[in-house]
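A.B. asks: Sharing a structure with you now.
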Amino acid sequence: MGMRNYFSKMTNKDLFWLFVSVLFGFVISYLLMRPYIVNPNGSMYAIGGDAWTIYYNFSYHICHGIGSHLEAMAYPTGEYIYLTDAEGAFATLFQWISHHIIDLCPYSVGLIHGLNISFLVLAFMVMYFLLRALGVSNILSAFFGPLVILLSPQMLRFGGHFGLAYPFLIPLTMLWIIRKTKVGVFEKRDVLFGLTLLFFTFNNPYLGFSAAAIGIASSLFWFISNRKNYKTALLLFAIPALAIAIVFLNFKFNDPYSDRINLQWGFFYFNSELKGYLYPQGSLLGNLIKGLFEKPPSVEFEAMQNIGLASVLLWLFWFIYKVKNLKKPTLPLIFKIFLGASILIFLYSSAIIFSPFPRDWVENVLGFLLMFKASARLSWSLYFVLSIGGVLILNYWYNAIQNKIGKFFLVGIFFSLWIIELKSYIFPRFDHPAYENQFSISKNSEIQSILDQYHIDKSQYQAILALPKMMLTSDKFMSQLHWNTQYFSMRYSLVSGIPMISEILSRTPVSVSIRGIGLLSNPLIKKPFVNELDPKRNILIVLGKDHSLGDGEKYLLQQSDTIYDEKNYMLLSLKPQDINDTLSINYAKSQYLNHPIDSRNYIYNGFDNEGSDIVRYGNGARIFDKGKHIVLDTILPFSDTLELEFSCWTHIDNKKYSIGDWTLIVLDEQNKEKASYFISTRDSADIQGNWIRSNHRFHFKKGDRIRAIFNGKQSFIIDDLLLRPVDNEVIISDDSNYSFLYNGYLIEK
10 MGMRNYFSKM TNKDLFWLFV SVLFGFVISY LLMRPYIVNP NGSMYAIGGD AWTIYYNFSY
70 HICHGIGSHL EAMAYPTGEY IYLTDAEGAF ATLFQWISHH IIDLCPYSVG LIHGLNISFL
130 VLAFMVMYFL LRALGVSNIL SAFFGPLVIL LSPQMLRFGG HFGLAYPFLI PLTMLWIIRK
190 TKVGVFEKRD VLFGLTLLFF TFNNPYLGFS AAAIGIASSL FWFISNRKNY KTALLLFAIP
250 ALAIAIVFLN FKFNDPYSDR INLQWGFFYF NSELKGYLYP QGSLLGNLIK GLFEKPPSVE
310 FEAMQNIGLA SVLLWLFWFI YKVKNLKKPT LPLIFKIFLG ASILIFLYSS AIIFSPFPRD
370 WVENVLGFLL MFKASARLSW SLYFVLSIGG VLILNYWYNA IQNKIGKFFL VGIFFSLWII
430 ELKSYIFPRF DHPAYENQFS ISKNSEIQSI LDQYHIDKSQ YQAILALPKM MLTSDKFMSQ
490 LHWNTQYFSM RYSLVSGIPM ISEILSRTPV SVSIRGIGLL SNPLIKKPFV NELDPKRNIL
550 IVLGKDHSLG DGEKYLLQQS DTIYDEKNYM LLSLKPQDIN DTLSINYAKS QYLNHPIDSR
610 NYIYNGFDNE GSDIVRYGNG ARIFDKGKHI VLDTILPFSD TLELEFSCWT HIDNKKYSIG
670 DWTLIVLDEQ NKEKASYFIS TRDSADIQGN WIRSNHRFHF KKGDRIRAIF NGKQSFIIDD
730 LLLRPVDNEV IISDDSNYSF LYNGYLIEK
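Position 106 (the sequence shown) corresponds to 115 in our numbering; numbering is contiguous.
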């Protein structure tokens, strides 16, 4: 299969088929995203979840931001916008324009949609050029190029992670590689390509890394096949590597926090999978498997990189054909280099390359090379290479067939399969009514009227606190995402310009989460975060109704003054000095003074005889290796049927993923299991210092046996295990300590 030198002046024929390609792709895009094309600023894909958060962060930064500092969340320190999902490069650019040239704040949502759609059209153009450069005919390039783009994994991000929804960058990198292998020298346009790659890597590192990876890996395979032409290989390596190095060093030196989790928990959980390319749910092959076996295939979302039935068949037929015709023309050398490079990237992103070695060893040795939560995204290049390969194979047979009817029949079959695949796999993901833009001028005026009526302004309030707990995303801590809490808190924040203490950010630093969640802890826990707040300005609480609240959240509401009460939410005002519950803490102190010796109607283990340099209370704490460990297994000594509370504290670190969970098993006198309770430590809001409390209440009968099992994915330290009747106050004191334990909570004497 020959390649043409497609870097000379374009002919009228090329321009015509390029126009046809863009028009064809745009028509399908219009069918998919009509509301966002007709009126990009009038609609939203979602008004909750990730999409809503990105809309908010992007808009807040344009309206109220300063430089690259995202103030919208994690008050008072905020975040480095390039380390979030807020499309940092575009948001920062538009922020500058909005503050210095023209106000873009009312059009922020439209800017997101306009960017995605504009670069989708660019992707059609780039793919047409790429296929032509690989020797594909005009007509096949014009019609199959858009199909490759529209089936790409980036299309699945149009309704959520908008910074990932730019399918032009990987094909552009491949086109640039072809150019370099032809001319072999540095050109001025290489600077433009490098800056483009750099910009989109800052905008969303996953997209930039996946594009740069194909360049870096291709340089290796090009060098192997052309060792004398090492300068070209060096050029292919240098520009993508430089873009990645600049971004990496920028993050390294400008990250405002030093305690982001060193190893990201998702690398071995959100891998690329071969089945994700062949038969993910919704694909034609996936539907066929579901019909034959009455069980739908299960593929994790990040691994869904469906190349489609048409490409699968074309590769299968090509393999059979090549087995019988080894000396026939083959695929172009540069395509083979792309294939080898993308397979190498797949072996990394699927973790197959690490499978011969113990996972702990791999994590400890490779460290930062595993810092990708959604590692499957790094192998997006394999989708493009396999799909483009399908078009190349089709083009070979298209040229080999002399009969025009045969050509039409061949192309018609695979064109129809591709269209049906789009209809089955992509179209359903856009098949829902568009939501009205909730950040429009009219919608914002609704919020502004309430702010004006109740005299709520930025000078009065330093921050917004969303309740129930809204702290995402981290593998250490987790919150249930309540729609009315998220929806109303972000609307009020955007309109008022008041930043949020609550946060939904990617890769949240441990210290930031500890600070914010700790504010919602039990009233017996003193909150040092209060010292970071402005004592002269209140906190605006946005409470989403009809959700359960923890003890600490209930206390904050009791200390607050109601401003506005509506059926779905409330607005309340909280003074910073009222956050710490001195009455509860003083009550615990009085109980300690009046009852220094407890009746021992409880089970307590402070692990004082076990060695640990990190101790919560007493002289020791228990260290666990990863895995399951039985910590407590005993017949309950209580004489009556009671409600008991189990609690234990786990040390929080930032060295590795996970926080550890508990399983409580209640067995009867015959040692048969009566009940089992799972305790998710990540859900806890009780944080004291660098310790988080796991707890659960349950009923028992005399003679029951309790077994407490701790399960962690890394080594952990636990301390102060307590099992007590709910109605009993338990005081544990060590005369040599400046604190005592009241029901497991640490209180200063």
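Note that CB positions come from ideal geometry on N, CA and C, so glycine has one too.
What are the partner residues of H708, as DSSP defines its beta bridges?
C.D. replies: Sequence index remark: in the sequence shown, residue 708 carries index 699 (1-based). H708 is bridged to E652.
A.B. asks: Just checking my contact of V640 with F719 at CB under 8 angstroms: how many whole Å lie between their CB atoms?
C.D. replies: For this step, residue 640 is matched to residue 631 along the sequence shown. For this step, residue 719 is matched to residue 710 along the sequence shown. V640 to F719, Cβ: 5 angstroms. Contact.
A.B. asks: What beta strand (DSSP E) runs, 3 residues minimum, are completely inside the region 378-443?
C.D. replies: The qualifying runs do not exist here; there are none.
A.B. asks: Taking M134 as the reference, give the member of Y286, F725, G34 and D484 with the closest Cα.
C.D. replies: In the sequence shown, residue 134 corresponds to position 125, counting from 1. The residue with the shortest Cα to Cα distance from M134 is G34.
A.B. asks: My output table needs one value for I833: the three-state DSSP class, helix, strand or coil.
C.D. replies: Past the edges of the chain, shown from 10 to 758, lies residue 833, and the structure says nothing about it.
A.B. asks: Between which two residues does the beta strand (DSSP E) harbouring S742 extend?
C.D. replies: As a first step, residue 742 is located in the sequence shown; it is residue number 733 there, counting from the start. Its beta strand (DSSP E) spans residues I740 to S742.
A.B. asks: Please specify which runs of the alpha helix (DSSP H), each continuous and at least 4 residues long, are wholly inside the region 163-200, giving them in chain order.
C.D. replies: Taking only runs of at least 4 residues, the alpha helix (DSSP H) segments lying wholly in the region 163-200 are 178-192.
A.B. asks: Leaving aside the five residues before and after G119 along the sequence, list all residues of the same chain whose C-beta is less than 7 angstroms from its C-beta, in chain order.
C.D. replies: Stepping through the sequence shown from its first residue, residue 119 is reached at position 110. Closer than 7 angstroms at the Cβ level, and outside the excluded window around G119, lie P49 and N50.
A.B. asks: When you compare the region 727-742 with the region 609-626, are there three or more beta-carbon pairs, one atom per stretch, that lie closer than 8 angstroms?
C.D. replies: Yes, since at least three Cβ pairs between the region 727-742 and the region 609-626 fall closer than 8 angstroms, the two stretches touch.
A.B. asks: Considering only the alpha carbon of each residue, which of F230, D662 and A142 lies closest to I187?
C.D. replies: Against the sequence shown, residue 187 aligns to sequence position 178. Out of F230, D662 and A142, A142 has the C-alpha closest to the C-alpha of I187.
A.B. asks: Quick check: the Cα distance between D2 and F448, rounded to an integer number of angstroms?
C.D. replies: In the structure displayed, the chain extends from 10 to 758; residue 2 sits before or after that span and is not available.
A.B. asks: Report yes or no: do the region 504-520 and the region 465-479 share at least 3 C-beta pairs separated by less than 8 angstroms?
C.D. replies: A contact exists between the region 504-520 and the region 465-479.
A.B. asks: For the region 196-284, which segments carrying the alpha helix (DSSP H) assignment without a break, of at least 4 residues, lie completely within its bounds, in sequence order?
C.D. replies: For the region 196-284, whole alpha helix (DSSP H) runs of length 4 or above, ordered along the chain, are 197-212, 214-234 and 239-263.
A.B. asks: Enumerate in chain order the residues of its own chain whose CB-to-CB distance from I298 is below 6 angstroms, with the five nearest sequence positions on each side excluded.
C.D. replies: Numbered from its first residue, the sequence shown carries residue 298 at position 289. Excluding positions up to five away in sequence, the list reads Y288 and P306.
A.B. asks: Contact check, Y89 vs S77 under 8 angstroms by CB: the rounded distance?
C.D. replies: Residue 89 sits at position 80 when you count from the first residue of the sequence shown. Residue 77 sits at position 68 when you count from the first residue of the sequence shown. With a Cβ gap of about 6 angstroms, Y89 and S77 count as contacting.
A.B. asks: Compute the distance between the beta-carbons of K478 and L529, then report whether it is under 8 angstroms.
C.D. replies: The sequence position of residue 478 within the sequence shown is 469, counting from 1. The sequence position of residue 529 within the sequence shown is 520, counting from 1. It is a contact, given that the beta carbons lie within the stated cut-off.
A.B. asks: How is the beta strand (DSSP E) around A83 delimited, first residue to last?
C.D. replies: In the sequence shown, counting from the first residue as 1, residue 83 sits at position 74. Element bounds for A83: n/a, residue is neither H nor E.
A.B. asks: On the three-state DSSP scale, how would you describe G11?
C.D. replies: Residue 11 sits at position 2 when you count from the first residue of the sequence shown. Here the model assigns G11 a pLDDT of 45, short of 50, so the residue's position is not dependable, and the following value carries that caveat. Correct three-state label for G11: coil.
A.B. asks: Applying the 10 Å Cβ sphere with the 16-neighbour rule, what's the burial state of H604?
C.D. replies: Mapped onto the sequence shown, residue 604 falls at position 595. So H604 counts as exposed.
A.B. asks: Decide if T20 is buried, meaning its Cβ has at least 16 other Cβ atoms within 10 Å, or exposed.
C.D. replies: As a first step, residue 20 must be located in the sequence shown, where it is residue number 11. T20 comes out exposed.
A.B. asks: Cα-Cα, which of W61, G561, G224 and D555 is closest to E575?
C.D. replies: Stepping through the sequence shown from its first residue, residue 575 is reached at position 566. It is D555.
A.B. asks: What are the boundary residues of the beta strand (DSSP E) that F363 is part of?
C.D. replies: Indexing the sequence shown from 1 puts residue 363 at position 354. Neither: F363 is in no beta strand (DSSP E) and is coded neither H nor E.
A.B. asks: For I588, I'd like the list of residues in its chain whose CB is within less than 6 angstroms of its CB, leaving aside the five on either flank, ordered along the chain.
C.D. replies: As a position in the sequence shown, residue 588 is number 579, starting the count at 1. Excluding residues within five positions, the ones whose Cβ falls inside 6 angstroms are K536 and V539.
A.B. asks: Compute the minimum distance between the beta carbon of L244 and the heavy atoms of the ligand NAP, and state whether it is under 7 angstroms.
C.D. replies: Inclusion of the ligand NAP in the displayed structure is not the case, the ligand content being empty and no account of it being possible.
A.B. asks: Could you give the uninterrupted runs of the beta strand (DSSP E) lying entirely in the region 35-103, keeping only those of 3 residues or more?
C.D. replies: You should have found no qualifying run.
A.B. asks: Checking contacts by CB at 8 angstroms: is G629 closer than that to chain B?
C.D. replies: Here there is only one protein chain, and chain B is not present.
A.B. asks: For S458 and L583, what's the separation of their Cα atoms in angstroms?
C.D. replies: Taking the sequence shown and counting its residues from 1, the one referred to as residue 458 is at position 449. Taking the sequence shown and counting its residues from 1, the one referred to as residue 583 is at position 574. Roughly 21 angstroms between the two C-alpha positions.
A.B. asks: Does the Cβ of L395 have 16 or more other Cβ atoms within 10 Å, making it buried, or fewer, making it exposed?
C.D. replies: Your numbering for residue 395 matches position 386 in the sequence shown. Classification for L395: buried.
A.B. asks: On the three-state DSSP scale, how would you describe T659?
C.D. replies: Start at 1 with the first residue of the sequence shown, and residue 659 comes out as number 650. Here T659 sits in strand by DSSP.
A.B. asks: Please determine if the region 142-154 and the region 404-413 are in contact, where contact requires at least 3 C-beta pairs separated by less than 8 angstroms.
C.D. replies: The region 142-154 is in contact with the region 404-413.
A.B. asks: Could you tell me the distance, in whole angstroms, from the CA atom of I740 to the CA atom of P532?
C.D. replies: Numbered from 1 along the sequence shown, position 731 holds the residue referred to as residue 740. Numbered from 1 along the sequence shown, position 523 holds the residue referred to as residue 532. In a straight line, the C-alpha of I740 is about 17 angstroms away from that of P532.
A.B. asks: What does the Cβ neighbour count give for D744, buried or exposed, with the cut at 16 atoms within 10 Å?
C.D. replies: Locating residue 744 in the sequence shown gives position 735, counting from the first residue. D744 comes out exposed.
A.B. asks: Measuring CA to CA, which of N235, R236, I362 and I255 is closest to F277?
C.D. replies: In the sequence shown, counting from the first residue as 1, residue 277 sits at position 268. When only C-alpha atoms are compared, the closest one is I362.
A.B. asks: Three or more C-beta pairs closer than 8 angstroms, one from the region 485-494 and one from the region 675-693: is that the case here?
C.D. replies: In short, these stretches touch, since the Cβ pair count reaches three.
A.B. asks: Name the residue from L750, A95, D369 and A250 whose alpha carbon lies nearest to the alpha carbon of K598.
C.D. replies: Here residue 598 refers to the residue found at position 589 of the sequence shown. It is L750 whose Cα lies nearest to the Cα of K598.
A.B. asks: Can you look up H638 in the DSSP assignment and give me helix, strand or coil?
C.D. replies: For this step, residue 638 is matched to residue 629 along the sequence shown. Looking at H638 - three-state DSSP - the assignment turns out to be strand.
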